[in-house]
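Okay, so here's the structure we're looking at.
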Amino acid sequence: MLAEQTLPSRIAPPLLLAPPADLFIRRAARLRHLAAGHALAPWLGWLAELCTAQQQVLDQLSVAAGAAPAALREAVPAAYAALLSATPDAPPALAPEALGRRIERNLLLAAGEAVAAGRDLDDLVVAAAMQAVWTAAARRAGEPAANPSNAESCPHCGSAAVGSIVLAGDGKEGLRYQECCLCATRWNVVRARCTLCADGAVVDYLSLDGGNGAIAAETCDHCHGYAKICFAAKDRDADPFADDLATLALDVLVGEQGHARAAPNLFLCEGEVVARD
Numbered sequence: 001m002l003a004e005q006t007l008p009s010r011i012a013p014p015l016l017l018a019p020p021a022d023l024f025i026r027r028a029a030r031l032r033h034l035a036a037g038h039a040l041a042p043w044l045g046w047l048a049e050l051c052t053a054q055q056q057v058l059d060q061l062s063v064a065a066g067a068a069p070a071a072l073r074e075a076v077p078a079a080y081a082a083l084l085s086a087t088p089d090a091p092p093a094l095a096p097e098a099l100g101r102r103i104e105r106n107l108l109l110a111a112g113e114a115v116a117a118g119r120d121l122d123d124l125v126v127a128a129a130m131q132a133v134w135t136a137a138a139r140r141a142g143e144p145a146a147n148p149s150n151a152e153s154c155p156h157c158g159s160a161a162v163g164s165i166v167l168a169g170d171g172k173e174g175l176r177y178q179e180c181c182l183c184a185t186r187w188n189v190v191r192a193r194c195t196l197c198a199d200g201a202v203v204d205y206l207s208l209d210g211g212n213g214a215i216a217a218e219t220c221d222h223c224h225g226y227a228k229i230c231f232a233a234k235d236r237d238a239d240p241f242a243d244d245l246a247t248l249a250l251d252v253l254v255g256e257q258g259h260a261r262a263a264p265n266l267f268l269c270e271g272e273v274v275a276r277d
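So in full-length UniProt numbering, spot 137 of the sequence shown is number 137, and the numbers just go up one at a time.
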């Protein structure tokens, strides 16, 4: 089914939107909402608990403005320990060496340089701790030196987008933003153009019949990749990260039509992420 689409906005948009202070509690609420009646309700419900723990960790984090990537990595072990304590049914703590390997693996995935197949619960919990640290840093970051508009990667941390969202209201009606899979920074991009290869001639929108109408898969017949896009006009609470996790059937549908997923979600255990050139 073709998803509804409108023309690109003509107003000058804010180039960047920093993640909100209550990002993870909002995401937890969204996951709980999406879990109602869902076949994966227990899993989505546990992820909501993980997000609630992320908010507790974020609220306690102190990250210096402009902290280097190495400093952010050094902050992960403490955030990871705090997250384990706050998350119900969390897995046992990893040894420092194993934790370090999971951090590096998540960074590769966040950059779109690895596949998500073979990931386990430890990867997800480590990723959750990393998101708390990188989000704290993004909230303190200033404007980047370069214009980020239409950039494929996050202007703050260089990670790939988990997807995009077309906003509604608050003076941003119809504006489209990519959302970083790691730090949740949003950056403005052009509508009706592939976010993977920038081709606008062969972009199509697919959604599930009877499914979540606020999300669709934006497919490209040029690069044969796809990423999901949310429409806030259809659901003001739509969240690219959470709604992606609740629409895995859409991934199956799009994959059957020959398109490869090109947007990493750090909470996925299965599925492929194609490397970006």
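We put the CB at the ideal spot given by N, CA and C, even for glycine. In this text the structure is predicted, and so the values were computed from the model without any measurement.
Query                                                                                                                                                     : Result
Please tell me whether residue 206 and residue 188 are closer than 8 Å, where the distance is taken between their beta carbons.                           : no
Alpha helix (DSSP H) containing residue 51: first to last residue?                                                                                        : 41-60
Ignoring anything shorter than 3 residues, give me the beta strand (DSSP E) runs that lie fully in the segment 92-175, in order along the chain.          : 161-166
Taking DSSP's pairing of strands, which residues face residue 189 in a bridge?                                                                            : 176
Going by DSSP, which residues form a beta bridge with residue 220?                                                                                        : 203
Between residue 162 and residue 198, what straight-line distance do the alpha-carbon atoms span, to the nearest angstrom?                                 : 16 Å
Please check the pair residue 63 and residue 133, which I expect to be a contact at CB under 8 Å, by giving their CB distance rounded to whole angstroms. : 7 Å
DSSP puts residue 225 in a beta bridge; with which residues?                                                                                              : 260
Under a three-way DSSP split, which group does residue 34 fall into?                                                                                      : helix
For residue 176, decide whether its Cβ has a neighbour in chain C, counting only Cβ atoms nearer than 8 Å.                                                : Structure shown: chain C not included; a single protein chain is present.
Using the DSSP secondary-structure output, state which residues sit across from residue 230 in a beta bridge.                                             : 165 and 215
Considering only C-alpha positions, which residue in the set 173, 167, 72 and 159 is nearest to residue 129?                                              : 72
Helix, strand or coil for residue 266 per DSSP?                                                                                                           : coil
Consult DSSP for residue 278 and reduce its assignment to one of helix, strand or coil.                                                                   : The displayed coordinates of the chain run from 1 to 277. Any statement about residue 278 would go beyond what the structure contains.
To the nearest angstrom, how far is it from the Cα of residue 277 to the Cα of residue 164?                                                               : At residue 277, the pLDDT of 48 sits below 50, so the modelled position is not reliable and the matter cannot be decided from this model.
What separation, rounded to the nearest whole angstrom, lies between the Cα atoms of residue 182 and residue 131?                                         : 5 Å
Which partner residues does residue 17 have in the DSSP bridge list?                                                                                      : 186
Using CA coordinates, which residue listed in 195, 151, 51 and 23 is at the minimum distance from residue 267?                                            : 51
Mind checking which residues open and close the alpha helix (DSSP H) that includes residue 76?                                                            : 69-86
Residues in its own chain within less than 7 Å of residue 99 by CB, not counting five upstream and five downstream?                                       : 77, 80 and 126
Helix, strand or coil for residue 255? Go by DSSP, reduced to three states.                                                                               : helix
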